[in-house]
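Residue numbers (this note's numbering), protein chains in the order written: chain L, -4 to 319; chain E, 787 to 1065.
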């Protein structure tokens, strides 16, 4: 199979996942007690039966299920995710307003996690069984056993309450009205605690993966060949072992993306980071079902696009994948 | 059975971590079971001033924002964590084994469909789906358990399918088929016992991660409002963290100790079960 066919298949998968997400969402709406008409009538203050009926007719809720499904699917395809119950704005607009903050935080966390994880993993693999190796493994074990949101709160306790060196809440200093470089520095300072809370967890898993991969690749024939032709240990480790060991990490980063979103929701809430995660919490407390569902659809589509991107990157990094 | 079980137990207990994990886990189970006997007033009873430090007024773990005994909350929280962790894992393993076995054994369209479904759950942000599910059907113990099972069963299904795919062409399966055993009998009496080790390992690991997921849901206010859980204790004490560290630190430590114990047990099971599989 050539690369074009491989990418086409992955593209098809992304489309199928998106369609499935929309179908699942349509049926999730029906899980909630009452429909949009009863909710809107309840908010208007006088919920008589005639009003509910007219609202049902207005929003097409009295039509047969397949018709409603078709209307829903075509609306989502046009980017219409409904209106927020509470804010009376289109759901998509509200989400898009918050999305850049989340992407900033996640991008930072992913970059730190990848760089730190690969470095730590390579270090641990150099001497398997050493104290450093055992330390990385023990740390990873500990990170897997604590709730990420709690880790964030402990970071606040240490760095904001006790040491008072880093801001615990928000994305920038309220009322300071910094501009230019000062503002960037201010946002960066606010990003350290939430970003590191997210990053440390994934750093631990990338470190473990890099370590296993490097030890596995080190045992292969081409590494022995490289050593036999007189390359230094350093060159062998960098150009032969690490490069090959990194390939699975690309796929792993894609798979982790869906977990990263879950972690982001929690960490954003701990640090009051004004992103999509805090928006999800606001939607839950306000019982704003369309908004919550919209967040699910948007994050699911973004994650599946990110997966498509890592799949393509993988096929470029490892030509052998085309044989599968 | 005894001949298999004893060496397995010996291998499992040979690792100090497994032994520690098991002892800690048994202690937590004991606390969870004894909580209503030790503290009959329940975790919501107000016992004194709010935010009393540990050790004051005869409260070894202090009091929370509403003046409730933290120690009682911690003991009752163990009940919720274990109940959710174990029952959601049982549901997920049950569904995963059934679907994975059928897909791996029969292959074909059934297998294709199952693989697409598990892929779907792997790609979508499962925690956000869980939030939507629990929020839409109202937060309760049942919706938490079913929700967690719903997003975790595909992991089991994938493992079981892989095992069945590898085992279905082996001689003992051929032999069973030749003597006329039914498909059901081959799946459950021939292949399943041989596929058990990885199922046991993944199951033990899932209990811990289900406990973490439950704590996250409760932290966001999506837990059962009538139950005191470790996650809801942390969520409720967010505003008090600055003046009363124990209200957030202690429930988190309880979660960490429980999940660490479960992961130690899982690792131990993995080590103890794998030598036979390597042959």
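Here a beta-carbon is modelled for each residue, glycine too, at the ideal position from N, C-alpha and C.
- Residue 79(L) sits in coil when the DSSP states are folded into three classes, being neither helix nor strand.
- Nearest C-alpha to residue 15(L) among 64(L), 50(L), 60(L), 113(L): 64(L).
- Close CB contacts of residue 981(E) within its chain, under the 7 Å cut and outside five residues either way in sequence, are with 946, 949, 950, 953 (chain order).
- The residues 854, in chain order, have a CB closer than 7 Å to that of residue 831(E) in the same chain once the five nearest residues on each side in sequence are set aside.
- A direct Cα-Cα distance of roughly 27 Å separates residue 234(L) from residue 1(L).
- By the neighbour-count definition (other C-beta atoms within 10 Å, threshold 16), residue 148(L) is a buried residue.
- For residue 808(E), no CB of chain L lies under 8 Å from its own CB, so it is not counted at the interface with that chain.
- Listed in chain order, the non-local C-beta contacts of residue 988(E) below 7 Å within the same chain comprise 941, 942, 945, local neighbours out to five positions each way being set aside.
- Distance between residue 280(L) and residue 87(L), taken at the CA atoms: about 19 Å.
- Sorting 844(E), 1056(E), 1054(E), 1044(E) by C-alpha distance to the C-alpha of residue 816(E) places 1044(E) at the top.
- Chain L places no beta carbon closer than 8 Å to that of residue 833(E), leaving this residue out of the contacts.
- Nearest in C-alpha terms to residue 110(L), of all of 83(L), 213(L), 201(L), is 201(L).
- Positions of the alpha helix (DSSP H) runs, each at least 4 residues long and wholly inside the segment 258 to 294 of chain L, are given as 271 to 280 in order along the chain.
- For residue 998(E), the C-beta contacts it makes with chain L under 7 Å involve 142, in order along the chain.
- Runs of beta strand (DSSP E) with 3 or more residues, each lying fully within the segment 42 to 106 of chain L, are absent.
- The way I'd put it, the segment 892 to 908 of chain E doesn't touch the segment 916 to 926 of chain E; fewer than three beta-carbon pairs between them come closer than 8 Å.
- Distance between residue 977(E) and residue 881(E), taken at the CA atoms: about 17 Å.
- Residue 811(E) and residue 1055(E) do not touch by the CB rule: their CB atoms are close to 12 Å apart, not below 8 Å.
- Contact between residue 23(L) and residue 288(L) holds, with the beta-carbon distance rounding to 6 Å and staying under 8 Å.
- Proximity of the segment 133 to 147 of chain L to the segment 77 to 84 of chain L falls short of the contact definition, fewer than three beta-carbon pairs being nearer than 8 Å.
- Residue environment for residue 306(L): buried (at least 16 other C-beta atoms within 10 angstroms of its C-beta).
- Closest in alpha carbon position to residue 115(L), among 273(L), 129(L), 99(L), 85(L), is 129(L).
- Residue environment: residue 292(L) is assigned as buried (16 or more neighbouring CB atoms within 10 Å of its CB, all protein chains considered).
- Under the three-state reduction of DSSP, residue 801(E) is assigned to coil, being neither helix nor strand.
- By the CB criterion at 8 Å, residue 209(L) and residue 231(L) fall outside the cutoff.
- The Cβ-Cβ distance between residue 93(L) and residue 269(L) falls below 8 Å.
- Burial is judged here by how many other beta carbons sit within 10 angstroms of a residue's own beta carbon; residue 842(E) has fewer than 16 and is exposed.
- Note on geometry: alpha-carbon atoms of residue 156(L) and residue 1029(E) lie some 9 Å from one another.
- The C-beta separation of residue 847(E) from residue 837(E) comes to about 12 Å, leaving the pair out of contact by the 8 Å criterion.
- With respect to chain E, the C-beta atom of residue 295(L) has a partner C-beta closer than 8 Å.
- With its beta carbon at least 8 Å from every one in chain L, residue 939(E) lies outside the interface.
- Residues of chain L whose Cβ lies closer than 9 Å to the Cβ of residue 930(E) do not exist, since the nearest Cβ in that chain is about 14 Å away.
- Inclusion of residue 937(E) and residue 912(E) in the CB contact set at 8 Å is warranted, their separation being smaller than that value.
- In this structure, the alpha-carbon of residue 140(L) lies about 24 Å from that of residue 267(L).
- Taking the beta carbon of residue 1041(E) as reference, the chain L residues within 9 Å of it are 140, 141, 142, 145, listed in sequence order.
- Less than 8 Å separates the beta-carbon of residue 107(L) from that of residue 190(L).
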